[in-house]
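Going letter by letter, the sequence shown gives residues 1 to 554 in UniProt numbering. A short write-up of the structure that comes next.
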Amino acid sequence: MILRTPQQRKRRADSDADADLAAAAAATSGRSPVSDRRLVLYDRPTDLVAAAAASGAPSDDMVCTYHCRQMVKSEFMVALHTADNQVHEYRVLLDTLEKQLSKSEDERAAYQDKLNYVEQELAATKGRESALQERLLKDLGDYQERYRDQVKKIGELEVQLNKEIDSRINAESSSASAKESVKELERTLQRLSENSDREKKALKKELSYMQDDSKLSFSKLNAELERTRLRAQNSENEAKMLNEQLEDLRKQLDESLRGKNEMEHRLLDSSALSAQRNPTDDQKLIRLLQEELRNYESEVHEARRLKSSRTNVELLNEKLLEEQGRRERAETELSKLQEIEAKAHKLELELASCTSLLSNIPDVSSYSNIADLQRQALADLNKLGEVTSRLKELEVTLEFTEISKQRAEGEATHAKERAENATREVKRVELLLTAVSEERDRLRKDHAMSTSQKPIGGDDTSSKNMESGLLQMEKAVRELESTVHEQRELISQQHAELNLLNEKLSIEARKAKSLEREGDQLRSQVALLESKLGTTRGGVRSRNKEKREPLKCM
Numbered sequence: 001m002i003l004r005t006p007q008q009r010k011r012r013a014d015s016d017a018d019a020d021l022a023a024a025a026a027a028t029s030g031r032s033p034v035s036d037r038r039l040v041l042y043d044r045p046t047d048l049v050a051a052a053a054a055s056g057a058p059s060d061d062m063v064c065t066y067h068c069r070q071m072v073k074s075e076f077m078v079a080l081h082t083a084d085n086q087v088h089e090y091r092v093l094l095d096t097l098e099k100q101l102s103k104s105e106d107e108r109a110a111y112q113d114k115l116n117y118v119e120q121e122l123a124a125t126k127g128r129e130s131a132l133q134e135r136l137l138k139d140l141g142d143y144q145e146r147y148r149d150q151v152k153k154i155g156e157l158e159v160q161l162n163k164e165i166d167s168r169i170n171a172e173s174s175s176a177s178a179k180e181s182v183k184e185l186e187r188t189l190q191r192l193s194e195n196s197d198r199e200k201k202a203l204k205k206e207l208s209y210m211q212d213d214s215k216l217s218f219s220k221l222n223a224e225l226e227r228t229r230l231r232a233q234n235s236e237n238e239a240k241m242l243n244e245q246l247e248d249l250r251k252q253l254d255e256s257l258r259g260k261n262e263m264e265h266r267l268l269d270s271s272a273l274s275a276q277r278n279p280t281d282d283q284k285l286i287r288l289l290q291e292e293l294r295n296y297e298s299e300v301h302e303a304r305r306l307k308s309s310r311t312n313v314e315l316l317n318e319k320l321l322e323e324q325g326r327r328e329r330a331e332t333e334l335s336k337l338q339e340i341e342a343k344a345h346k347l348e349l350e351l352a353s354c355t356s357l358l359s360n361i362p363d364v365s366s367y368s369n370i371a372d373l374q375r376q377a378l379a380d381l382n383k384l385g386e387v388t389s390r391l392k393e394l395e396v397t398l399e400f401t402e403i404s405k406q407r408a409e410g411e412a413t414h415a416k417e418r419a420e421n422a423t424r425e426v427k428r429v430e431l432l433l434t435a436v437s438e439e440r441d442r443l444r445k446d447h448a449m450s451t452s453q454k455p456i457g458g459d460d461t462s463s464k465n466m467e468s469g470l471l472q473m474e475k476a477v478r479e480l481e482s483t484v485h486e487q488r489e490l491i492s493q494q495h496a497e498l499n500l501l502n503e504k505l506s507i508e509a510r511k512a513k514s515l516e517r518e519g520d521q522l523r524s525q526v527a528l529l530e531s532k533l534g535t536t537r538g539g540v541r542s543r544n545k546e547k548r549e550p551l552k553c554m
């Protein structure tokens, strides 16, 4: 409750005389109200002031009123309250900054763990590659041993053929009576040989076409494999460069965190002295804190971008591993194709040997044996046709794998473009960090200059500056919310792309499994054909022996 000002006291009647005496005394002493450094009222003449000074009684007009004191006290309390609010806001901002610091440190630890995990995976993949190479070397050794065994068997068969030719010559010299039957058989055999020659020519043409196609596909696959290797090496080099740039950025972030800690200590020191400072100092501190907050927000935003670039690098590493797996599968398919071609060549040789045996058989008792042999040959030819059709199907599947490789190459190019964009972003982050460091140094200099100067300004300017600072803070918060929303949208898009890539990889894995199954089936069929051809050879030899025994008896 504000009381009214008390009424002025009534002046005495003899105040005029006292005033005259005081003026005379002042004139004699050489003093004046101004020289006495007393305040003179505007409405009151100087003689009254001198009289009051001479009487020694305090003047009521010079005393501050109760209302004025209350107004000054209220203004001081309002200023104190605003200063307390500002200190509280600064403490809240410091707490939020400390939380953000702890979060950034946790994220850095998580990134370090991810880096260690990726390095372990790389070591595991290197071990797998070495194991696969050893297994391939063992398979090559086994294949060479099998090839040598087959060459030995072919030599033994040639020796047996030579023996049979010698025995046939001896039998022809002793079998003049069987010439007529031999002539008839020769006619039939000529027909069969013509048919077999035609079939052989057709098979040779088909095999030549198949060999040409396989050579072309092999050259294409080799070229594509070299391209993929070069691209993988380039991507690995780019990943190393990105890792080095990330380490540099981490060092710069550590330096910025140290600067932040120093600024926090300075803020703590300034908070202890905030009660003694004027509102202009508080405004300058608010501006400095706002600018530092913006700088830290930009650093957090750039750290998130670095995180996204790190995820892109991990995706590139995963795609490289997938490309290496596809390359190994293509190499295995090529080795399977080479084995199938070798087996087809062996089947050709076996067919030629069978036809030569049929042409060199002198003693055939009945035409039914030739018909059985023809049936067996036709069955073998049908099976060979099925094998060739399967080979064509494998070529088609290989073409599909080539298309999938081309798609994978397109994805690799996209990944390279993303890596280039990431490098550009890293460079931009470095430039921003340099700009932030320069701005920080400039702000430190301005702060030092402002602390050295005396504060000048009123309460109105401080309130306006506070309102503008609050508006700027609200704008910064809105911008942060918009950036967070954009980052969430980017993360959702990346998740969608990852899902699509996983679906494509699952489809390609299914195709690879189906190709492996078909290759196993073809191997089993080729083994069956080889066993059947071996049985037909054994039957022909047994028939020749049975027909030679009666000739010897003769």
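Cβ atoms here follow ideal geometry from the backbone N, Cα and C, with glycine treated the same way.
#### Entry: residue 187 to residue 518 span [Cα, whole Å]
43 Å
#### Entry: Where residue 82 sits in the DSSP three-state scheme
helix
### Query
Taking the alpha-carbon positions, what's the residue 136 to residue 327 distance?
14 Å
### Task
Please indicate yes or no: does the CB of residue 96 lie closer than 7 Å to some heavy atom of the ligand FAD?
Looking for the ligand FAD in the displayed structure turns up nothing, as the structure carries no ligands at all.
### Classification of residue 403 by the beta-carbon crowding that lies within 10 angstroms, buried from 16 upward
exposed
### Query
residue 397 by DSSP, collapsed to three states: which one?
helix
### Message
Suppose contacts are defined by Cβ-Cβ distances below 8 Å. Is residue 293 in contact with residue 90 by that definition?
### Response
no
### Query
residue 225: which of 324, 311 and 514 sits nearest, CA to CA?
324
### Query
Using CA coordinates, which residue listed in 131, 341 and 227 is at the minimum distance from residue 212?
341
### Task
To the nearest angstrom, report how far apart residue 192 and residue 349 are at their CA atoms.
18 Å
### Query
Candidates 268, 301 and 322: which alpha carbon is nearest residue 104's?
301
### Query
Rounded to a whole number of angstroms, what is the C-alpha to C-alpha distance between residue 238 and residue 259?
31 Å
#### Entry: Three-state class that DSSP yields for residue 332 in the structure shown
helix
### For residue 236 and residue 411, the rounded distance between their alpha carbons
16 Å
### Task
Using alpha carbons as the reference points, say which of 88, 345 and 399 lies closest to residue 205.
345
### Query
Would you report the Cα separation of residue 145 and residue 152, rounded to the nearest angstrom?
11 Å
### Message
Whole angstroms are fine: how far does the CA of residue 154 sit from the CA of residue 161?
### Response
10 Å
### Message
Going by DSSP in three states, residue 311 sits in which element: helix, strand or coil?
### Response
helix
### Query
Run through DSSP, which three-state label would residue 228 get?
helix
### Task
Would you tell me roughly how many angstroms separate the C-alpha atoms of residue 128 and residue 321, rounded to the nearest one?
11 Å
#### Entry: Simplified DSSP state of residue 65, which is helix, strand or coil
coil
### Task
Note down the Cα distance separating residue 246 from residue 299, rounded to an integer number of angstroms.
14 Å
### Message
Here's the rule: buried if 16 or more other CB atoms are within 10 angstroms of the residue's CB, otherwise exposed. What is residue 330?
### Response
buried
#### Entry: Proximity to residue 304 [Cα-Cα], best of 69, 250 and 202
250
### Query
In terms of alpha-carbon separation, which member of 86, 379 and 158 lies closest to residue 284?
86
### Query
Would residue 66 be called buried (16 or more neighbouring beta carbons within 10 Å of its own) or exposed?
exposed
#### Entry: Alpha-carbon to alpha-carbon, residue 199 and residue 364
Residue placement at residue 364 is flagged as unreliable, the pLDDT there being 46, under the threshold of 50; the coordinate-derived value follows with that caveat. Going from the Cα of residue 364 to the Cα of residue 199 covers about 23 Å.
### Query
Taking the Cβ atom as the reference point for each residue, do residue 118 and residue 314 lie within a distance shorter than 8 Å?
yes
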